[in-house]
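Engineer: One structure, pasted below without further comment.
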Amino acid sequence: MIRASILRQISLFAVLAATSAFAQSGGAPTRISPTEIDAHLRFLSSDLLEGRAPATRGGRLAEEYIASQLKAFGVQPGVGDSSYFQRVPIDVVKADPNTINVTASGKANAKLRFTNDVVVWPGSATEASSAHGELVFVGYGASAPEYKWDDFKGADVRGKVLLVLVNDPPAPPSEPNLFGGKAMTYYGRWTYKYEEAERRGAAGMLIVHTTERAGYPWHVVVNSNSTEHRLLPRDHPPASGHPLPAPIGVRGWITDSAATALLAQAGLNMVQLRKQAESRDFRPVSTGIIIDASMKNSVSRLSANNVVGVVRGNDPKLRNQYVLYSAHWDHFGIGPVVNGDSIYNGAVDNGSGVASVLTIAHAAATGPKPRRSQLFVFVTAEESGLLG
Numbered sequence: 010m011i012r013a014s015i016l017r018q019i020s021l022f023a024v025l026a027a028t029s030a031f032a033q034s035g036g037a038p039t040r041i042s043p044t045e046i047d048a049h050l051r052f053l054s055s056d057l058l059e060g061r062a063p064a065t066r067g068g069r070l071a072e073e074y075i076a077s078q079l080k081a082f083g084v085q086p087g088v089g090d091s092s093y094f095q096r097v098p099i100d101v102v103k104a105d106p107n108t109i110n111v112t113a114s115g116k117a118n119a120k121l122r123f124t125n126d127v128v129v130w131p132g133s134a135t136e137a138s139s140a141h142g143e144l145v146f147v148g149y150g151a152s153a154p155e156y157k158w159d160d161f162k163g164a165d166v167r168g169k170v171l172l173v174l175v176n177d178p179p180a181p182p183s184e185p186n187l188f189g190g191k192a193m194t195y196y197g198r199w200t201y202k203y204e205e206a207e208r209r210g211a212a213g214m215l216i217v218h219t220t221e222r223a224g225y226p227w228h229v230v231v232n233s234n235s236t237e238h239r240l241l242p243r244d245h246p247p248a249s250g251h252p253l254p255a256p257i258g259v260r261g262w263i264t265d266s267a268a269t270a271l272l273a274q275a276g277l278n279m280v281q282l283r284k285q286a287e288s289r290d291f292r293p294v295s296t297g298i299i300i301d302a303s304m305k306n307s308v309s310r311l312s313a314n315n316v317v318g319v320v321r322g323n324d325p326k327l328r329n330q331y332v333l334y335s336a337h338w339d340h341f342g343i344g345p346v347v348n349g350d351s352i353y354n355g356a357v358d359n360g361s362g363v364a365s366v367l368t369i370a371h372a373a374a375t376g377p378k379p380r381r382s383q384l385f386v387f388v389t390a391e392e393s394g395l396l397g
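Basically the working numbering = 1-based index in the sequence shown + 9.
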């Protein structure tokens with residue numbers, strides 16, 4: 010059941026967004042109707058759509074519903090001149106848990122237990138994945154010129170397995186807005202950290218988990234990452250035209266206790282390292298620990314769609330500028346039974362966002378025409394790592 014308080018909050022967001030968009034035209038927007046938002050949200054989060062996982066029956070229903078609504082509103086296709094659908098190829102890779110092996114040697118000796126100490130998965134869609142290299146602690150793994158922050162300091166980490174802290178560096182009282190203050194920036198997301206490791210030619214990466222800094226307990230990491238993973242194909246040219254760097258062999262998380270014990274064998278103190286990482290003066294720390302991780306995988310390919318619509322602006326000089334509205338339509342589909350229900354409906358995450366953006370699109374198509382164009386993008390595979 011969709012609570013009235015949540016619906017009011019969603020409606021308020023949509024009203025504010027639409028008002029902002031139409032302020033440039035000098036006219037009032039078409040009324041934002043909570044009833045319309047509620048109708049979209051109830052359909053998108055119904056059991057009929059089976060949790061809206063990409064490339065499933067429910068996911069395809071969500072795509073078609075969004076496109077049909079845009080067409081009914083009078084929103085024009087946003088992919089070329091005739092299509093609402095932007096195809097997104099997705100590689101699906103699943104490690105065989107019976108083949109996963111993670112060990113430490115050199116200045117530390119340990120066999121790290123899958124799901125107890127570490128969760129690891131393939132960094133690319135290959136039938137076998139591995140990472141072998143010295144463990145190097147790189148703080149928060151952030152290279153952020155706008156904050157005058159660089160955790161790497163020119164260190165060559167090619168072929169290394171990087172150990173990195175979750176989230177952004179904390180903002181001190183003297184810089185309350187450093188890395189967004191209490192808000193998380195993209196530098197704090199695990200997706201950025203793995204991407205940065207790829208750009209620097211690392212062999213693998215382990216993110217140190219703490220519930221306080223991650224915002225969720227270890228079992229969430231285990232449940233989210235011990236099944237299949239979805240990746241953008243490396244043989245599919247990215248829309249930017251820039252080639253992707255070579256993937257790291259293995260991605261993963263490690264518990265704070267396992268990381269602390271491992272470093273202690275090498276004479277390093279995790280508490281001290283974490284404190285050092287809070288400073289701009291931090292430099293990478295070579296641990297002398299050698300990490301070996303390997304696994305065998307099954308691989309397949311599927312595709313889903315971003316759904317894109319556009320309302321053209323009426324100012325000849327400004328219509329090539331765009332105001333962008335976006336929400337991801339996908340959720341987790343069907344999974345383990347929770348309280349007798351195996352469908353993960355995704356009403357708030359992010360059926361609510363899709364319902365809001367659809368309602369704004371309706372207002373844009375039927376209200377006073379803005380000077381700038383408005384682009385409505387409903388992306389897929391956000392839950393798989395922001396792939397769409």
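Positions of the beta carbon are idealized from the N, C-alpha and C atoms, including for glycine. Computed from a predicted structure; not experimentally measured.
1) Between which two residues does the alpha helix (DSSP H) holding G362 run?
2) Starting from D265, follow the alpha helix (DSSP H) in both directions and report where the run begins and ends.
3) F291 to S152, Cα distance in whole Å?
4) May I ask which residues mark the beginning and end of the beta strand (DSSP E) holding L294?
5) Return the chain-ordered list of same chain residues with a C-beta closer than 8 Å to the C-beta of K191, the five sequence neighbours on each side being excluded.
6) Check the DSSP bridge columns for T65 and list the partner residues they point to.
7) Which class does I41 belong to by DSSP, given the choice of helix, strand or coil?
8) Return the residue from the list R381, P252 and A302 that minimises the CA-CA distance to V259.
9) DSSP on V84, reduced to helix/strand/coil?
10) Going by beta carbon distance, what residues of the same chain come within less than 6 Å of A364, once the five residues before and after it are set aside?
11) For E392, does the count of other Cβ atoms within 10 angstroms reach 16, so buried, or fall short, so exposed?
12) How big is the Cα-Cα spacing for T44 and I369?
13) Under 8 Å Cβ to Cβ from R381, same chain only, skipping five residues before and after it: list those, please.
14) Using the C-alpha atoms, what's the distance from T135 back to N306?
15) If you compare alpha carbons, which of V230, V129 and A275 is closest to I298?
16) Can you tell me whether G214 is helix, strand or coil according to DSSP?
17) Please classify Y225 as buried or exposed, where buried requires at least 16 other C-beta atoms within 10 Å of its C-beta.
18) Just the Cα atoms here: how many angstroms apart are Q281 and L144?
19) Note the first and the last residue of the continuous alpha helix (DSSP H) segment covering E221.
20) Indicate whether A140 and G213 have their beta-carbon atoms separated by less than 8 Å.
21) Report all residues from its chain with a CB closer than 6 Å to the CB of I19; omit the five preceding and five following residues, and keep chain order.
22) Which residues mark the beginning and the end of the beta strand (DSSP E) in which Y416 is found?
23) Please confirm whether S266 and V128 have their CB atoms less than 8 Å apart.
24) What residues in its chain sit with their C-beta under 6 Å from that of G36, if we drop five residues either side in the sequence?
25) For P98, which beta-bridge partners are listed by DSSP?
26) Report all residues from its chain with a CB closer than 6 Å to the CB of S335; omit the five preceding and five following residues, and keep chain order.
27) Return the CA-CA distance between F3 and Q95, expressed in angstroms with no decimal places.
28) For T389, does the three-state DSSP call read helix, strand or coil?
29) Find out if the Cβ-Cβ distance for the pair A119, L277 is shorter than 8 Å.
30) Tell me the DSSP secondary structure of V346 in three-state form.
31) Between the Cα of Y353 and those of R40, S42, F52 and A62, spot the shortest distance and give me the residue it belongs to.
32) Which residue from L215, A286, A223 and I343 puts its Cα closest to that of D126?
Structural biologist: Judging by the given coordinates:
1) S361 to T375
2) D265 to Q274
3) 12 Å
4) Correcting the residue identity first, residue 294 is Val in this sequence and not Leu. V294 to V320 is the extent of the beta strand (DSSP E) around V294.
5) A180
6) DSSP output for T65 lists no bridge partner at all.
7) If DSSP states are grouped into helix, strand and coil, I41 belongs with coil.
8) A302
9) When secondary structure is reduced to three states using DSSP, V84 falls in the coil class, being assigned neither helix nor strand.
10) I46, H49 and L50
11) When all chains shown are included, E392 counts as buried.
12) 13 Å
13) Q33, G322, D324, L327, R328, Q330, Y331 and V332
14) 7 Å
15) Out of V230, V129 and A275, A275 has the C-alpha closest to the C-alpha of I298.
16) It should be pointed out that residue 214 corresponds to Met in this sequence rather than to Gly. Correct three-state label for M214: strand.
17) exposed
18) Q281 and L144 have their C-alpha atoms spaced approximately 17 Å apart.
19) T220 to A223
20) yes
21) Residue confidence is low: I19 scores 49 on pLDDT, short of 50, so the model does not pin down where it sits. No coordinate-derived value is stated.
22) No information on residue 416 is available, as it lies outside the stretch 10 to 397 that the chain covers here.
23) no
24) Low confidence applies to G36: its pLDDT is 47, below 50, so where it sits in the model is not reliable, and the reading given next is rough at best. Cβ neighbours of G36 beyond the five flanking positions: P377.
25) S312, per the DSSP bridge assignment.
26) V386
27) No statement about residue 3 is possible, as the shown extent of the chain runs from 10 to 397 and does not include it.
28) coil
29) no
30) Strand.
31) A62
32) For D126, the closest of L215, A286, A223 and I343 by C-alpha to C-alpha distance is L215.
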